[in-house]
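Written below as structure tokens is the structure these notes are about.
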Amino acid sequence: MVSLKRFDCCPRNAVLVAFVALFVVTVACAQVAAEDGLFQFEVQLNLEPAQPAFDLNVWVEPQECTVGDTVRIYASTSRDAYIYIWNVNPRGEVYPLIPSSREQDNFIRKGQTLRLPRGNYRITADTVGTEYLVAVATLWPINPESYWIKRARELAEAGRPLTSTADEFLRRLEFAELTNHRGAYAAKIASFTVQDPYYSRLGNLSISTSPQGALAFVDGRHVGTTPCTVRDLVAGYHEVTLVKEGYRTVVETVGVRAMVTEYKSYPLTMLGTLLPVERVVFGPWRLVVTRERDGATRNFPADMGYSGTIQIRPKETFDSKLYQVEGLLTVLPGGTAQQVFLLLADTAQSSDRGRTISKNVGPFRVLTTIEDIEVVDRGSVFSSRYIKSVTLSIQVVWTGSLY
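Residue numbers (the numbering used here): 4 to 406.
Set out below in structure tokens:
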């Protein structure tokens, strides 16, 4: 708003002091006339209103659903804006919802509610777990060819979606894509839960062994020591594994009926007195890693009902520079992933060539040999060093040691 005001002031030689708060004063013109020792001047006040708050709301209906249900996604903003929404499923796979091949127009007016889907298609819940929505609203469009926008879109279209947590993906967007939108964007993460459609059809399983004291696992999850009862199992077939030192491991598929307790009893057979003999149960597995997508997973069987899963997990910065390569081993049944090696760009050296890293996890020993490694001292935004390539050879040895 612009207004014009006139002031009569003190004598010409006096000191003028003006306090101006919450607006900008621009002196447009001054007209001085000597009259009885007084003078007059005119000022033009340009009042610049504060920018309105920029709010973004995102929500999902229904908030809790089952596999196969139709999901509706809503968003609204307090200002005219361009909306960007990505879905991060329980596996960490990132899929753009808008803009996308089906939803290209992502501009909405303030107070308007965006509803997805808008076209002749459905958004369905297909993975059990927690789904996340990463939403961003900007006052002007983000360049569709910018790195993370383009990469998430192209990898999803190729059937090899980008993997990330919702928080990490939003941080990447804010760092790389939204630096030119500071003060002119809003962001939010929303979530909803997807359950198994047969979750309500539950039964119980009672397990006993002779002798007692065997570790009991159902579908790879440790449920107790025999005798024990496992409650609230989804009706259907489940794999039961029983492990006791000095006895043969029992693995059996058991049917569980809804609203019924099934009783199962197993005699355990003693093993011979010979000590376990070490032997290679997996590998050598040779793998060349030059980027994040070179990560891989392999499964292998072993003795006494055990098996394992080994995973190579590279990580790179937003500008596609490898800063670490990690190896993980999960012992089945019932184990959790444990680190067996970690290569960091900051500490890796060319002298690491030929070095073997040994790590014992449960009844296994993992031997990781660095056949070749190339480290570059410059080029990454986050670090002065990055791993250009590393060649690994991995073997897993069965030791038989359970401790």
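We treat Cβ as the ideally placed atom computed from N, Cα and C, and that holds for glycine.
Among the candidates the options, whose CA atom is the shortest distance from the CA of residue i?
i: L136; options: V91, S396, W151; result: V91
i: A140; options: I390, G403, I88; result: I88
i: G71; options: G227, D108, T130; result: T130
i: V369; options: S354, Q341, S387; result: Q341
i: D306; options: V292, F285, R234; result: F285
i: T264; options: F344, A238, E242, I313; result: A238
i: I397; options: P230, T312, S387; result: T312
i: V259; options: A193, G186, L208; result: L208
i: F344; options: T359, G338, V334; result: T359
Report the three-state DSSP secondary structure of residue i (helix, strand or coil).
i: Y124; result: coil
i: F110; result: strand
i: W151; result: helix
i: S353; result: helix
i: A163; result: Rather than Ala, the amino acid found at residue 163 in this sequence is Arg. Coil, per DSSP.
i: E157; result: helix
i: T182; result: helix
i: R82; result: coil
i: E281; result: coil
i: E177; result: helix
i: D297; result: helix
i: D72; result: coil
i: F303; result: strand
i: F57; result: coil
i: D380; result: coil
i: I170; result: The amino acid at residue 170 is misidentified as Ile; the sequence shows Asp. Helix at D170.
State buried or exposed for residue i, treating a residue as buried only when at least 16 other CB atoms are found within 10 Å of its CB.
i: A351; result: buried
i: P336; result: buried
i: V85; result: The sequence given here has Tyr at residue 85, not Val. Y85 is buried by the Cβ-count criterion.
i: E255; result: exposed
i: N123; result: exposed
i: E160; result: exposed
i: F110; result: exposed
i: S404; result: exposed
i: A299; result: exposed
i: R118; result: exposed
i: A155; result: buried
i: S354; result: exposed
i: T244; result: buried
i: T320; result: buried
i: A78; result: buried
i: G206; result: buried
i: P317; result: buried
Please report how far the alpha carbon of residue i lies from the alpha carbon of residue j, in whole angstroms.
i: V367; j: S213; result: It is Phe, not Val, that sits at residue 367 in the sequence shown. F367 and S213: Cα-Cα distance of roughly 28 Å.
i: I210; j: T228; result: 9 Å
i: A348; j: G308; result: 38 Å
i: L59; j: A189; result: 6 Å
i: L142; j: G132; result: 33 Å
i: T293; j: P102; result: 31 Å
i: E248; j: R175; result: 48 Å
i: T69; j: F195; result: 11 Å
i: V393; j: E374; result: 8 Å
i: V378; j: G162; result: 31 Å
i: P147; j: A138; result: 16 Å
i: L271; j: T252; result: 8 Å
i: D266; j: L274; result: It is worth fixing the name first, because residue 266 is Tyr in this sequence and not Asp. Cα to Cα, Y266 sits roughly 26 Å from L274.
i: K391; j: S310; result: 33 Å
i: S268; j: A128; result: 39 Å
i: P144; j: F172; result: 19 Å
i: R204; j: H241; result: 14 Å
i: F178; j: R282; result: 49 Å
(message) I'd like to know if the stretch 168-182 and the stretch 215-229 are in contact, where contact means that at least 3 CB-CB pairs between them fall below 8 Å.
(response) no
(request) Decide yes or no for the touch test of the stretch 152-168 against the stretch 92-107: beta carbon pairs closer than 8 Å, at least 3 of them. (result) yes
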